[in-house]
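A.B. asks:
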């Protein structure tokens, strides 16, 4: 067997006829690339761009706060312009707020909008649901990032109203979640619990108010009627204002939207009209 | 001198051959369960001749129910190949490696399928035939790897022995002189055990994916549990809190006389933080929080809701809560505006519905009662006939005292239900 000649040394350096200039972009074949286009930006230039980016971001109210920023300055917006105006920016952090209203007043839709806004910005949210009422399909349709939502479901109850023990467990879980400081929104859904929330000791809500103070979390109660709200919190009252169907009753008729009237504030009540689109 | 140990039969346990080798030398290179390469340097002081050493190796393997064949040679390559080819004990004399390998089949060199096919076409059958080829000529045709193959066929070594580290067990036990009954004294003992354990993990760049604890009780029973948080942790304080929270929920029946902790190591991963994204919760803090919600998590009532790939109404899953970093572009999604949500009744409430002209006219169910003023429907859905079939007619109805509800007729059972409230 004869040995074949070994290949020549590999050309580690390009021969003089090879052009080492960067290739033109694919979109414009043959375009001449100016020499300054490939010059890396200077340190000052990079610093200026970064500062601009940070400044622009700080001015966007809907973006999550930066690491070093004071969280409490940024209210938790719902993403619904009418409501955010009514609530002076949204639900405040470090306070106990509530959304209350009768059945089909859009209270769950508003809460889901708040959770969607919070999770879409990358923050975490928790929903304590002692009556197990959350419909994950509705939550996904509202735009909630389900991976960022911690859902605590109550046990199945045979009667219409939950036992006092279930609600006490739920408030205890809320206290744990608020104390952890991991969640931007902690919501407690008490709608449909009848008069049970009012029967809970008032100290329960005072304790939760104290716990949520000086944290980045906003604690939001969802109820049928007023339960509790801290002095700095927002109470949003909703009333149903009718349903809109796509046409006369028949096989082609669709539920189109749900209208609601929202009121917020203490001695100076402000009102807004709200429309929730049907899924 | 090097030794090769090989078992042509299935091993009673995966690490049996390595364990035999470790009884002779710490410098062992395990190539899968078998063969195993041993660095026998220095053993000449204990064994008078190589044959004596080889017989001792085979006897030690037999004691562990391993039918082993051994080869001793002055190169690693020769020791490994001869051990695989020749039964019993073979001692290759110094300088006789090429001659020992020459009659052996070429397949023992673990060639690539393409190389095997090529050498078969060239008419090469034995290692000796390959060894006789000039390495430079082979390299010119097949590349440098082929030249290295010729050196291997001649029993020459390339590279160094890469010793396989012994498997590490992150386990610690404390026998107590006096039994402990409360959680408070136990907390101090746990810290004393956990700090060296997590320190040992950190020294190897690892964290604990799970921690198993066994408490030997005064009544001679064992209280054993395994904690597996969503994220690995290497923090002793976190693990201590998790163990104490778990013990609070499940108290041991008697006083504790012995504590054993066993950590399952996993490589620690450093996460790159983003300046512009909100910080993810620390895994330790998240695990602690979830452990504090034990009443909810133990009953499977906490987690992240997940949609499942089905049209069955109300179908969903609950996954463990472990949020990851925000995917790029997710924040650019435009807000969808408020939507009508369903407040689901689980299970749906059995209802009595009066139908007028094919449309629900009156609905009565626990907590829901009224005359229908407007209705949208019917929307028919059916499926899952191969499993738990469903077939239903769905209506969205507005009732006179107030409220809008979703009701449906279960066509298989002929019964009406209220699925939930539209809110």
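Chains as they are written, first to last, in the numbering used here: chain Z, -13 to 265; chain E, 426 to 848. The beta-carbon is built from N, C-alpha and C at its ideal position, and this holds for glycine as well.
1. Count the other CB atoms within 10 Å of the CB of residue 64 (chain Z); is the residue buried (16 or more) or exposed (fewer)?
2. Could you check which residue in E:473, E:642, E:623, E:646 has the C-alpha nearest to that of residue 636 (chain E)?
3. Please identify, using Cβ separations under 9 Å, the residues of the segment 152 to 172 of chain Z that lie next to chain E, in order along the chain.
4. With a threshold of 8 Å between beta carbons, is residue 721 (chain E) in contact with chain Z?
5. Please list, in chain order, all residues of the same chain as residue 807 (chain E) whose beta carbon is under 8 Å from its beta carbon, the five residues on each side excluded.
6. Which value, in whole angstroms, describes the spacing of the CA atoms of residue 757 (chain E) and residue 96 (chain Z)?
7. With a 10 Å radius around its C-beta and 16 neighbouring C-beta atoms as the bar for buried, classify residue 178 (chain Z) as buried or exposed.
8. What are the partner residues of residue 647 (chain E), as DSSP defines its beta bridges?
9. Write down every uninterrupted run of the alpha helix (DSSP H) in the segment 74 to 107 of chain Z whose length is 4 residues or greater and which is fully enclosed by it, in chain order.
10. Please check if any C-beta of chain E sits within less than 8 Å of the C-beta of residue 135 (chain Z).
11. Spell out the partners DSSP gives residue 777 (chain E) in its beta bridges.
12. Could you work out which residues of chain E lie near residue 119 (chain Z), taking near to mean beta carbons separated by less than 7 Å?
13. Count the other CB atoms within 10 Å of the CB of residue 613 (chain E); is the residue buried (16 or more) or exposed (fewer)?
14. Please decide whether residue 45 (chain Z) counts as near chain E, where near means a Cβ-Cβ distance under 8 Å.
15. To test your reading of the DSSP string, which unbroken beta strand (DSSP E) runs of 3 or more residues are found completely within the segment 505 to 557 of chain E?
16. Find the nearest neighbour of residue 86 (chain Z) within the set Z:213, Z:118, Z:102, judged by alpha-carbon distance.
17. For my contact list, residue 133 (chain Z) and residue 749 (chain E) are in at a C-beta cut-off of 8 Å; report their separation, rounded to the angstrom.
18. Are the Cβ atoms of residue 853 (chain E) and residue 477 (chain E) separated by less than 8 Å?
19. Taking only beta-carbon positions, decide if residue 714 (chain E) is within less than 8 Å of chain Z.
20. Report the rounded CA-to-CA distance for residue 572 (chain E) versus residue 563 (chain E), giving the unit in angstroms.
21. If you scan the segment 689 to 753 of chain E from start to end, which runs of the beta strand (DSSP E) of 3 or more residues do you find wholly inside it?
22. Can you name, in chain order, every residue of its own chain whose Cβ lies under 6 Å from the Cβ of residue 11 (chain Z), other than the five neighbours on each side?
23. Residue 686 (chain E) and residue 667 (chain E) - do their beta-carbons sit closer together than 8 Å?
24. Give me the subset of the segment 99 to 111 of chain Z whose CB atoms are less than 8 Å from a CB atom of chain E, sorted by chain position.
25. Below 8 Å CB to CB, which residues in the same chain sit around residue 690 (chain E) once its five sequence neighbours on both sides are set aside?
26. Work out the CA separation of residue 601 (chain E) and residue 683 (chain E) for me, nearest whole Å.
27. What number of angstroms, rounded off, separates the C-alpha of residue 35 (chain Z) from the C-alpha of residue 820 (chain E)?
28. Would residue 190 (chain Z) pass as a contact of residue 157 (chain Z) if the rule is Cβ separation under 8 Å?
29. Between the alpha carbons of residue 558 (chain E) and residue 552 (chain E), how many angstroms are there, rounded?
30. In whole angstroms, what is the alpha-carbon distance linking residue 788 (chain E) and residue 107 (chain Z)?
31. State yes or no: is the C-beta of residue 457 (chain E) within less than 8 Å of the C-beta of residue 491 (chain E)?
32. Quick one: what does DSSP say residue 886 (chain E) is sitting in, helix, strand or coil?
33. Going by other Cβ atoms of all chains shown within 10 Å of its Cβ, with 16 needed for buried, is residue 20 (chain Z) buried or exposed?
34. Which first and last residues belong to the alpha helix (DSSP H) in which residue 820 (chain E) is found?
35. Assign residue 678 (chain E) to buried or exposed, taking buried as 16 or more other Cβ atoms, counted over all protein chains shown, within 10 Å of its Cβ.
36. At the level of alpha carbons, what is the spacing between residue -8 (chain Z) and residue 565 (chain E)?
C.D. replies: Based on what the coordinates show:
1. Counted from its first residue, the first chain places residue 64 (chain Z) at position 78. Buried: at least 16 other Cβ atoms inside 10 Å.
2. The count along the second chain starts at 1 and reaches residue 636 (chain E) at position 211. With distances taken between Cα atoms, residue 636 (chain E) lies closest to E:623.
3. 155, 158, 159, 162, 163, 165, 166, 167, 168, 169, 170
4. Here residue 721 (chain E) refers to the residue found at position 296 when the second chain is read from its first residue. Residue 721 (chain E) counts as touching chain Z.
5. For the purposes of this step, residue 807 (chain E) is taken as the residue at position 382 of the second chain. Result list for residue 807 (chain E): 814, 815, 816, 817, 836, in chain order.
6. As a first step, residue 757 (chain E) must be located in the second chain, where it is residue number 332. As a first step, residue 96 (chain Z) must be located in the first chain, where it is residue number 110. Because the pLDDT of residue 757 (chain E) is 49, which lies under 50, any placement of that residue in the model is unreliable, and the number read from its coordinates should be weighed accordingly. In this structure, the alpha-carbon of residue 757 (chain E) lies about 21 Å from that of residue 96 (chain Z).
7. Here residue 178 (chain Z) is taken as the residue at index 192 of the first chain, counted from 1. Looking at its Cβ environment, which holds 16 or more other Cβ atoms inside 10 Å, residue 178 (chain Z) is buried.
8. Here residue 647 (chain E) refers to the residue found at position 222 of the second chain. Note: residue 647 (chain E) sits in a beta bridge opposite E:641.
9. As far as the segment 74 to 107 of chain Z is concerned, its whole alpha helix (DSSP H) runs of at least 4 residues are 93 to 106.
10. Here the question's residue 135 (chain Z) lines up with position 149 in the first chain. Taking Cβ atoms only, chain E reaches closer than 8 Å to residue 135 (chain Z), which makes this a yes.
11. Locating residue 777 (chain E) in the second chain gives position 352, where the first residue counts as 1. Answer is E:789.
12. Position 133 of the first chain holds residue 119 (chain Z). Residues of chain E passing the Cβ test: 768, 769.
13. On the second chain, residue 613 (chain E) is found 188 positions in, with the first residue counted as 1. With fewer than 16 Cβ atoms within 10 Å of its Cβ, residue 613 (chain E) is classed as exposed.
14. Counting from one through the first chain, the residue named residue 45 (chain Z) turns up at place 59. Any reading at residue 45 (chain Z) is ruled out, since the residue's pLDDT is 48, under 50, leaving its predicted position unreliable.
15. 514 to 516
16. For this step, residue 86 (chain Z) is matched to residue 100 along the first chain. It is Z:213.
17. Working through the first chain from its first residue, we reach residue 133 (chain Z) at position 147. Working through the second chain from its first residue, we reach residue 749 (chain E) at position 324. Yes, residue 133 (chain Z) and residue 749 (chain E) are in contact; Cβ-Cβ is about 7 Å, under 8 Å.
18. What is shown of chain E runs 426 to 848, which leaves residue 853 (chain E) out entirely.
19. For the purposes of this step, residue 714 (chain E) is taken as the residue at position 289 of the second chain. Taking Cβ atoms only, chain Z reaches closer than 8 Å to residue 714 (chain E), which makes this a yes.
20. In the second chain, counting from the first residue as 1, residue 572 (chain E) sits at position 147. In the second chain, counting from the first residue as 1, residue 563 (chain E) sits at position 138. Going by the C-alpha atoms only, they are around 6 Å apart.
21. Runs of the beta strand (DSSP E) inside the segment 689 to 753 of chain E: 727 to 732, 741 to 744.
22. Start at 1 with the first residue of the first chain, and residue 11 (chain Z) comes out as number 25. Its pLDDT being 38, under 50, residue 11 (chain Z) is placed unreliably by the model, and nothing is read from it.
23. As a position in the second chain, residue 667 (chain E) is number 242, starting the count at 1. As a position in the second chain, residue 686 (chain E) is number 261, starting the count at 1. No, they are not a contact pair.
24. 99, 102, 103, 106, 107, 108, 109, 110
25. Locating residue 690 (chain E) in the second chain gives position 265, counting from the first residue. Correct list, in chain order: 593, 595, 626, 629, 631, 632, 633, 634.
26. Stepping through the second chain from its first residue, residue 683 (chain E) is reached at position 258. Stepping through the second chain from its first residue, residue 601 (chain E) is reached at position 176. Approximately 6 Å, taken between the alpha carbons.
27. Taking the first residue of the first chain as 1, we reach residue 35 (chain Z) at position 49. Taking the first residue of the second chain as 1, we reach residue 820 (chain E) at position 395. Roughly 56 Å between the two C-alpha positions.
28. Locating residue 190 (chain Z) in the first chain gives position 204, where the first residue counts as 1. Locating residue 157 (chain Z) in the first chain gives position 171, where the first residue counts as 1. Yes, the pair counts as a contact, with Cβ atoms nearer than the cut-off.
29. In the second chain, the residue the question calls residue 558 (chain E) occupies position 133. In the second chain, the residue the question calls residue 552 (chain E) occupies position 127. For residue 558 (chain E) and residue 552 (chain E), the distance between alpha carbons rounds to 11 Å.
30. Indexing the second chain from 1 puts residue 788 (chain E) at position 363. Indexing the first chain from 1 puts residue 107 (chain Z) at position 121. Rounded to the nearest angstrom, the two C-alpha atoms are 41 Å apart.
31. As a first step, residue 457 (chain E) is located in the second chain; it is residue number 32 there, counting from the start. As a first step, residue 491 (chain E) is located in the second chain; it is residue number 66 there, counting from the start. No; because the gap between Cβ atoms is not below 8 Å, this pair is not in contact.
32. Outside the modelled stretch of chain E, which goes from 426 to 848, sits residue 886 (chain E), for which no answer is possible.
33. By one-based count along the first chain, residue 20 (chain Z) stands at place 34. With a pLDDT of 43 at residue 20 (chain Z), under the threshold of 50, the modelled position of that residue is not reliable, and the figure given next carries that caveat. That one is exposed.
34. Position 395 of the second chain, counted from the first residue, corresponds to residue 820 (chain E). Not the alpha helix (DSSP H): residue 820 (chain E) falls in the beta strand (DSSP E), residues 815 to 824.
35. Here residue 678 (chain E) refers to the residue found at position 253 of the second chain. That one is exposed.
36. Along the first chain, read from residue 1 onward, the residue named residue -8 (chain Z) stands at position 6. Along the second chain, read from residue 1 onward, the residue named residue 565 (chain E) stands at position 140. With a pLDDT of only 40 at residue -8 (chain Z), under the threshold of 50, the placement of this residue in the model should not be trusted; the figure read from the coordinates follows. Looking at the two C-alpha atoms, the distance is approximately 5 Å.
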